[in-house]
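Following: one structure in structure tokens, then a few remarks.
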Amino acid sequence: MLSLKNVSKSFGGVKAIDKCTFEIDETSITSLIGPNGAGKTTLFNIISGLTMLDSGVITLLGGKISGMPAYKIARSGISRTFQLTKVFRNMTIRNNFLIAKNASEDEMQKLLQMVFLHKTLDTTASELSYGQQRLLEMARALLMPHKLLMLDEPTAGVNPKIRHELKSILKNLRKEGKTVFLIEHDMDFVMDISDVVIVLNEGKVLKIGKPKDVVKDKKVLEAYLGK
Amino acid sequence: MMHDYFIQIVTLIGIYSILVIALNLAIGFTGLVNLGHMVFFGIGAYTSAILTLHGVPWYIAIFAAGIMASFLGAIIAAITVRLKGDYFAMVTLGLAFIAIAVSRNWISLTRGALGIPGVPAILKDNLYYMLFTLAVALICAVLSYMLVKSETGRIFQAIRDDETAVAILGKNTYFYKILSIAISTFFAGIAGSLFVHHIQFIDPTIFGLEFFVVILSMLIAGGLASIIGSVVGVSLLYIISESLRFVVVSPSLIGAVREMLFAVVLIIILLVKPRGIFGKVDV
Chain W
1 MLSLKNVSKS FGGVKAIDKC TFEIDETSIT SLIGPNGAGK TTLFNIISGL TMLDSGVITL
61 LGGKISGMPA YKIARSGISR TFQLTKVFRN MTIRNNFLIA KNASEDEMQK LLQMVFLHKT
121 LDTTASELSY GQQRLLEMAR ALLMPHKLLM LDEPTAGVNP KIRHELKSIL KNLRKEGKTV
181 FLIEHDMDFV MDISDVVIVL NEGKVLKIGK PKDVVKDKKV LEAYLGK
Chain F
1 MMHDYFIQIV TLIGIYSILV IALNLAIGFT GLVNLGHMVF FGIGAYTSAI LTLHGVPWYI
61 AIFAAGIMAS FLGAIIAAIT VRLKGDYFAM VTLGLAFIAI AVSRNWISLT RGALGIPGVP
121 AILKDNLYYM LFTLAVALIC AVLSYMLVKS ETGRIFQAIR DDETAVAILG KNTYFYKILS
181 IAISTFFAGI AGSLFVHHIQ FIDPTIFGLE FFVVILSMLI AGGLASIIGS VVGVSLLYII
241 SESLRFVVVS PSLIGAVREM LFAVVLIIIL LVKPRGIFGK VDV
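Chains W and F are the protein sequences, given in the same order. Oh and the first sequence: position 161 is 161 in the numbering used here, straight run, nothing missing. Oh and the second sequence: position 159 is 159 in the numbering used here, straight run, nothing missing.
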């Protein structure tokens, strides 16, 4: 579905992403892991058009998306969330949803139930806790018409209850045959829900494989724990 | 005499309300801190003055004033809206200085610092002009209210809260920011036209920052992202400012005293209501 070929990006003299090549299959959950500073969020930003790549090609369902502005990439079928939640704080939950899509009241209510957000549509986003804002952001990303859902550290900074709920949401998405690409630090979470794990280190793809194979890989262990 | 004074106050409250609502569309609803707002007020005023002095009917001149201000606003926005936050504010602030320089030096068009006297009045009776101004202000307020409640208005407010999030939801934020400035400057141009036909004179001081500080104070007092707040902010600060006429202050001090009074009132309002009287977002 999503294909990256030799994607590179430098900031000044620092090579943040170095010839990354991989593919994400349809109806799979793929996790991108790696130590801090490995370039995971930069790679997400490049795929979603928020950061321009220096070289390489990115395609979605065969169509080239690299070089397109973020809003066109979103329209072509990529929906995402952010490491630091980006909800419209001064707007109600309803209006947060309506920016993504002209959804019906029913559709919005169902979405709230789906992400375990027990609030009315008229609640202002700034009144929600951080964890609830994460759920709202995920619901909004789900509402946005998409082919690929990208989640940047969905469990960061949330309490165990919401973490458990997020895991349930992702498992349901898998059942529905959705394609999900996520960055995550919680290895138990990654092992539990991922079909494929991609390990990034110093901007390079270190390993691609099934979760159980990746955790045993010597190079991956070295990247995380040091030699 | 008192009757004429009252008409004068209400007429200017109507005109300033349009101007502050227009500024609120850019700053309060879209988060675009346009410090060059008075430039478009002035462009509207000059356009209307020059056109009517050349025989163009006033109803065309008012509309042309809005269109001219909006057209130039859109061009400037297309160049500047990619700048973020403070950088956008600084560039738009620079516009005021450019406008002053151009209006002082393009003597064949503006008569420079001498200004343009004898701008024709739209209606001879001040009472009718007051009612006309209030009607235009009401139309602008209703149109602005309908805009901010529309899908486009929602996108403006989403851009204010988080532009990146709007882009990843498939919206062309560049286009919407230009649209916001174009609409805001259209209303500013209309206000400029109404102003010049009321005062019947225009010179480059219309672009001055002193006037803008007053308008900005009115916006903040009423509150960001509130149409009714803009009208209340204008009415409150203008009436307070006018009340100084009844206090014995030396004419040479009146300007400084007025600015001090504005500052004190603004501080009191923000201490009691940190978002302004009807504000919906943080100042």
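Don't be surprised by glycine CBs; every beta carbon is placed ideally from N, CA and C. All values reported here derive from a predicted model rather than from experimental measurement.
Using a CB distance cut-off of 8 Å, W/Y71 counts as an interface residue toward chain F. Sequence-distant Cβ neighbours of F/M68 in its own chain, meaning closer than 8 Å and more than five residues away, are I43, G44, T47 and G189. When rounded, the separation of the alpha-carbon atoms in F/A158 and W/A141 is 15 Å.
From the listed residues F/Q200, F/V39, F/L237 and F/L261, the smallest Cα separation to F/A101 is found for F/V39.
At the C-beta level, W/S79 and W/L149 come within 8 Å of one another. Contact check for W/I169 against W/M114 passes: the beta carbons are separated by less than 8 Å. The residues V199, V214, D217, K219 and V220, in chain order, have a CB closer than 7 Å to that of W/K207 in the same chain once the five nearest residues on each side in sequence are set aside.
Judged by DSSP in its simplified three-state form, W/D217 adopts coil rather than helix or strand. Chain-ordered, the chain F residues with CB closer than 7 Å to the CB of W/K86 read D162, T164 and A165. Interface with chain W (8 Å Cβ-Cβ cutoff): F/R275 is excluded. Excluding the 5 residues flanking it on each side, F/L93 has same chain C-beta neighbours closer than 7 Å at L35 and G36, in chain order.
DSSP places F/T52 in the helix class (H, G or I) of the three-state scheme. Residue state for W/P154 is assigned as coil, using DSSP reduced to three classes. Within chain W, the C-beta atoms nearer than 8 Å to that of F/V281 come from N90, in chain order. For W/L142, the three-state secondary structure derived from DSSP is helix. Here F/K177 is buried. Its C-beta has 16 or more other C-beta atoms within 10 Å. Taking C-beta separations shorter than 8 Å and ignoring five residues to either side along the sequence, the partners of F/G112 in its chain run S103, R104, N105, W106 and P204, following chain order. In this structure, the straight-line span from the alpha carbon of F/A135 to that of F/V247 is close to 32 Å.
For the pair W/T123 and W/T92, the CB atoms are nearer than the 8 Å cut-off. Under the Cβ distance rule, W/I99 counts among the residues neighbouring chain F, one pair being separated by less than 8 Å.
Using a CB distance cut-off of 8 Å, F/G222 does not count as an interface residue toward chain W. The three-state reading of DSSP puts F/V283 in coil, since its state is none of H, G, I, E or B.
Scanning its chain for C-beta atoms nearer than 6 Å, with the 5 sequence neighbours on each side dropped, one finds around W/A100 the residues R140, L143 and M144, in chain order.
Listed by position along chain F, the residues whose Cβ is nearer than 9 Å to that of W/M138 form an empty set, because the closest Cβ is around 13 Å away. Using a Cβ-Cβ cut-off of 8 Å, F/Q157 counts as an interface residue toward chain W, since at least one Cβ of chain W sits closer than that to its own.
The shortest C-alpha to C-alpha distance from F/T11 to any of F/D162, F/A96, F/L131 and F/L23 is the one to F/L131. Following the DSSP letters along the chain, one finds W/N6 inside the beta strand (DSSP E) bounded by residues L2 to F11.
Counting along the chain, F/I254 sits inside the alpha helix (DSSP H) bounded by residues I254 to V272. With respect to chain F, the C-beta atom of W/M68 has no partner C-beta closer than 8 Å.
The beta-carbon separation of F/L19 and F/I215, rounded to 6 Å, stays under the 8 Å limit for a contact.
Bridge pairing for W/C20: W/V7 [DSSP].
F/R258 and F/L237 have their C-alpha atoms roughly 10 Å apart.
Residues are counted here when their Cβ sits less than 7 Å from a Cβ of chain F; for the segment 106 to 118 of chain W the count is zero. For W/A74, the nearest beta carbon of chain F is closer than 8 Å to its own beta carbon.
Between W/G62 and W/H146 a beta carbon distance of about 17 Å is seen, past the 8 Å cut, so the two are scored as non-contacting. Around the CB of F/H54, fewer than 16 other CB atoms lie within 10 Å, so the residue is classed as exposed.
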